[in-house]
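According to numbering that gives the first Met the number 0, the sequence shown is numbered sequentially starting from 0. Note that the Cβ used here is the ideal one computed from N, Cα and C, for glycine as well. Structure record follows, encoded as structure tokens.
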Amino acid sequence: MDRRLTPATPRCAHVSLKGLVTAESYTEGTRRRVSMPLVDLLRSPNGARERQLVLGEAFTVIDHQDGHAFGFAGKDSYCGWLPEAALSDGPKPTHWVASPGTHLYPEPRVQARELAALPMGAQVAVVSQTPKFTETTQGFIPTPHLRALGDWLNDPVAVAESLLGAPYLWGGNSRAGIDCSGLAQAALLACGIKAPGDADLQETLGHEVPPGEPLRRGDLMFWKGHIALIVDESRLIHANGHTMSVAYEWIDACIQRILAADNSPVTHRRRI
0 MDRRLTPATP
10 RCAHVSLKGL
20 VTAESYTEGT
30 RRRVSMPLVD
40 LLRSPNGARE
50 RQLVLGEAFT
60 VIDHQDGHAF
70 GFAGKDSYCG
80 WLPEAALSDG
90 PKPTHWVASP
100 GTHLYPEPRV
110 QARELAALPM
120 GAQVAVVSQT
130 PKFTETTQGF
140 IPTPHLRALG
150 DWLNDPVAVA
160 ESLLGAPYLW
170 GGNSRAGIDC
180 SGLAQAALLA
190 CGIKAPGDAD
200 LQETLGHEVP
210 PGEPLRRGDL
220 MFWKGHIALI
230 VDESRLIHAN
240 GHTMSVAYEW
250 IDACIQRILA
260 ADNSPVTHRR
270 RI
């Protein structure tokens with residue numbers, strides 16, 4: 000079983016795995032929410048980063064160890080460990096950050112010192128709104144940066160383009176640092192399209208583009224362990240370790256570069 004999608008530790012497993020994995024106990028888990036702007040989802044307590052979660056995301060807790068909670072993310076069922084301090088029983092979110100990033104303020108005033116920087120996808124519970132500022136349970140956010148949950152964008156490529164220049168970060172999921180699958184997932188989720196967290200898992204999205212058929216804007220191109228979004232007939236956009244950033248690249252040049260560097264051909268061309 001894929002550990003990334005298997006909500007189980009030797010001590011405790013999700014009830015859906017009863018009879019499939021051995022554990023001392025089984026549980027439905029406790030649904031909580033991320034209470035920090037951005038937090039690493041770890042392979043083990045204090046271990047390596049697998050992915051990142053953002054403010055307001057749902058996280059079902061299965062087990063506890065050394066000040067960390069093991070569970071799975073609501074958006075994609077990705078499993079891992081979070082610091083207990085990064086979770087709370089906050090209110091159900093109503094809105095999400097639809098801009099590349101925003102700031103949380105203590106009062107509805109642009110001159111106020113910000114409380115925190117929030118990444119795209121962060122979820123908040125709205126109390127009241129004016130055209131300029133929205134009051135949430137945690138502070139004030141510029142109203143143009145928010146959309147109601149369910150009010151999605153409609154062009155994943157445009158979302159990815161809004162993150163051009165963001166630095167590459169393995170396992171990253173925000174403008175502060177993002178990797179190839181994090182960029183693809185962020186772009187798709189912002190348009191209401193569910194997507195797994197890693198490139199190999201994202202290969203199941205949509206359907207295969209037949210050989211010889213021209214690629215369209217929004218198509219996905221895969222290599223082993225890598226994904227890019229097609230911008231137009233000649234360009235793609237991806238978070239990559241070559242420029243160490245989110246960048247455009249000519250499709251043909253990218254294919255040849257990766258083949259020469261890693262002996263890795265294109266493995267899939269998918270259309271959603």
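Cβ-based burial, residue i [other Cβ within 10 Å; buried from 16]
i, result
"S24", "exposed"
"N172", "buried"
"T136", "exposed"
"P6", "buried"
"N239", "buried"
"G120", "buried"
"H241", "exposed"
"E212", "exposed"
"G9", "According to the sequence shown, residue 9 is Pro rather than Gly. The residue in question, P9, is exposed, as its Cβ has fewer than 16 Cβ neighbours within 10 Å."
"G191", "exposed"
"S180", "buried"
Bounding residues of the alpha helix (DSSP H) (the contiguous stretch that carries residue i)
i, result
"Q51", "No alpha helix (DSSP H) holds Q51; the beta strand (DSSP E) holding it covers 48-53."
"I229", "Looking at the DSSP string, I229 is not in any alpha helix (DSSP H); the run it does join, the beta strand (DSSP E), is 225-229."
"C179", "179-188"
"L166", "According to the sequence shown, residue 166 is Pro rather than Leu. Per DSSP, P166 belongs to no alpha helix (DSSP H) and is neither H nor E."
"Q201", "198-201"
Segment limits, beta strand (DSSP E) that includes residue i
i, result
"A57", "57-64"
"G28", "Note, G28: premise wrong, no beta strand (DSSP E); not H, not E."
"Q128", "125-128"
"G120", "Per DSSP, G120 belongs to no beta strand (DSSP E) and is neither H nor E."
"N239", "234-239"
"R10", "Segment: none, R10 is in no beta strand (DSSP E) and carries neither H nor E."
Local conformation of residue i per DSSP, three classes
i, result
"L103", "strand"
"L40", "strand"
"R256", "helix"
"V245", "strand"
"E279", "Look at the range of the chain in this structure, 0 to 271, and you will see that residue 279 is not part of it."
"E113", "coil"
Nearest to residue i (by Cα), restricted to the options the options
i, options, result
"P155", "L258, D231, H241", "D231"
"D218", "T242, G18, A159, D62", "A159"
"P264", "A165, C253, A185", "C253"
"L86", "S98, L103, H67", "H67"
"Q51", "I250, R174, I236, N153", "R174"
"G164", "R32, F221, Y247", "Y247"
"A97", "R146, P82, H63, R270", "R146"
"A185", "C11, F132, W151", "W151"
"V245", "D65, L162, A72", "L162"
"T235", "L200, D261, A183, P209", "A quick correction: the sequence has Leu, not Thr, at residue 235. Checked all of L200, D261, A183, P209; the closest Cα to L235 is A183."
"G46", "D65, L37, R32", "D65"
"D261", "K91, L228, M0, G224", "G224"
"G100", "A116, T93, H94, A72", "A116"
"T266", "H237, A227, S233, K91", "A227"
Distance cut-off 7 angstroms: residue i Cβ against heavy atoms of the ligand FAD
i, result
"G89", "The ligand FAD is not part of this structure, which contains no ligands at all."
Any chain C beta carbon closer than 8 angstroms to residue i
i, result
"K131", "Structure shown: chain C not included; a single protein chain is present."
Segment contact, 8 angstroms Cβ cut-off, at least three pairs: the stretch 121-135 with the stretch 62-82:
no
Could you check whether the stretch 99-116 touches the stretch 132-152, counting it as contact only if at least three pairs of C-beta atoms, one from each stretch, sit closer than 8 angstroms?
yes
Three or more C-beta pairs under 8 angstroms: does that hold for the stretch 46-60 against the stretch 24-34?
yes
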